[in-house]
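Step one of this worksheet: look at the structure below.
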Amino acid sequence: MRNYYLIIAVFLFLNNCVFSQSNKYTDDSKNYSKNKIVQKINTPTKSWMNGYWMINNYGERVWKKGYWHIEQKTFQEKSKLLMKKLNEKNKV
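Every position in the sequence shown, counted from 1, becomes a number in my numbering once 1421 is added.
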């Protein structure tokens, strides 16, 4: 009977260790260094613009190819994003 309780206790302990919630899935944004945040903010935003048909003045359809649209943030936008990242509070 004693072994039976010991086996149950070991099983419950191992089950708790295996299936317990861990901190490995927490948000890592707070652990970023300031340089990494600035580097991420300074990268330009790339977006793909799909091609489309354009009708010219003579009624002919002309295909405009798709292209990459690269947008650089202004200094004010970068500073707002940096302040927002550095001042993040825990939301309950």
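Even glycine gets a Cβ: it sits at the ideal position worked out from N, Cα and C. Note that this is a predicted model, so its numbers are computed, not measured.
E1498 in three-state terms, based on DSSP: Here residue 1498 refers to the residue found at position 77 when the sequence shown is read from its first residue. Of the three classes helix, strand and coil, the one that applies to E1498 here is helix, per DSSP.
First through last residue of the alpha helix (DSSP H) which encompasses K1457: Counting from one through the sequence shown, the residue named residue 1457 turns up at place 36. Residues K1455 to N1463.
Spatial neighbours of H1490 in its chain, beta-carbon cut-off 8 Å, leaving aside the 5 residues before and after: Position 69 of the sequence shown, counted from the first residue, corresponds to residue 1490. Contacts found: K1467, S1468, W1469 and M1470.
Range of the contiguous alpha helix (DSSP H) that encloses Y1479: For the purposes of this step, residue 1479 is taken as the residue at position 58 of the sequence shown. Run containing Y1479: none; DSSP gives neither H nor E here.
Candidates L1503, T1495 and N1508, of which the one nearest I1458 by Cα: The count along the sequence shown starts at 1 and reaches residue 1458 at position 37. When only C-alpha atoms are compared, the closest one is L1503.
For K1486, three-class secondary structure by DSSP: Locating residue 1486 in the sequence shown gives position 65, where the first residue counts as 1. Looking at K1486 - three-state DSSP - the assignment turns out to be coil, as it is neither helix nor strand.
Identity of the residue in M1422, V1439, L1427 and I1462 nearest S1500 by Cα: As a first step, residue 1500 is located in the sequence shown; it is residue number 79 there, counting from the start. Minimum Cα distance to S1500 is reached at I1462.
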